[in-house]
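First comes the structure, then the notes that go with it.
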Amino acid sequence: MDYLNKYSIAYQGLSEGLHEFNFEIKDTFFEYLEYSEIRKGNLIAQVRLNKLSQLLELTIEISGTVETTCDRCLEEFNLPVSYSGRLFVKFSESEEDLDDDVICISPEDNEINLAHYLYESINISIPLKRVHPDDKNGKSQCNPEMIKKIKEHQINAPAEKDVDPRWDELKKLMENNNN
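What follows is the structure in structure tokens.
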């Protein structure tokens, strides 16, 4: 867990106003997160902290790539991801989280660790369907051998059966009533 301390910002000694921080997020970051689905990545997190008397306002931009498995061809590839968001940190004795974008920390604390927030932000920026992007010609970059095997084993949908012409007349009547 000591490794993740490098994703902390010691705000207590900072003057009020804007401050900028950059964090590199590499493979080691994901290794320290016990249940991480992501194992490899190369990202940069840019954090702009606006320190106010009773509040910290953080604007966070994350961009880079994470290694994931293509849902179509099962091959590993680097998926570009980006995230942009804001986090508000309030100083309060009660440490309840008010909202996804608002957290409360004790006034006695002197730093905030962003490791889990960065991890969650990366995760929500990954699409549910993970496939190789198309090249500039619109052609899939998936493994062609695997695509060929998928097509060989694909079950074609049965062709529509001929519809009784009496139903066609009924459909016409219903369409006329709707208009």
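Going by this note's numbering, 351 is the number at position 94 of the sequence shown; the sequence numbering is gapless.
Note that beta-carbon positions come from the ideal geometry of N, C-alpha and C, so glycine has one too.
Close Cβ partners of residue i (< 8 Å) along its chain, the five nearest in sequence each way excluded
i: D358; result: G342, R343, L344 and F345
i: E332; result: T326, H389, C399, N400 and M403
i: R251; result: Past the edges of the chain, shown from 258 to 436, lies residue 251, and the structure says nothing about it.
i: I360; result: L344, F345, V346, K347 and D354
i: Y374; result: I317 and L344
i: E368; result: S265, I266, A267, Y268 and Q269
Assigned exposure category for residue i - 16 Cβ within 10 Å defines buried
i: A267; result: exposed
i: L309; result: exposed
i: Y260; result: exposed
i: I295; result: buried
i: I381; result: exposed
i: L300; result: buried
i: L315; result: buried
i: S339; result: exposed
Length of the line joining the Cα atoms of residue i and residue j
i: H410; j: S320; result: 38 Å
i: E318; j: N435; result: 51 Å
i: G270; j: L313; result: 13 Å
i: D425; j: M431; result: 10 Å
i: E291; j: N413; result: 42 Å
i: N370; j: D284; result: 18 Å
i: R423; j: K429; result: 10 Å
i: E288; j: K297; result: 8 Å
i: N307; j: F334; result: 37 Å
i: I379; j: L427; result: 53 Å
Cβ-based neighbour list, residue i, same chain, cut-off 7 Å, excluding 5 preceding and 5 following
i: P364; result: F348
Residue i: CB within 7 Å of a non-hydrogen atom of the ligand ADP
i: Y260; result: Within the structure as shown, the ligand ADP is missing, as the structure has no ligands at all.
Practice problem: Could I get the ranges of all uninterrupted alpha helix (DSSP H) runs contained in the region 348 to 398, with 4 residues as the minimum, in chain order? | Solution: 372 to 381, all fully within the region 348 to 398.
Self-check item: Continuous alpha helix (DSSP H) assignments of at least 4 residues falling wholly in the region 261 to 302
Solution: Within the region 261 to 302, the alpha helix (DSSP H) runs of at least 4 residues that lie entirely inside it are, in chain order, 284 to 288.
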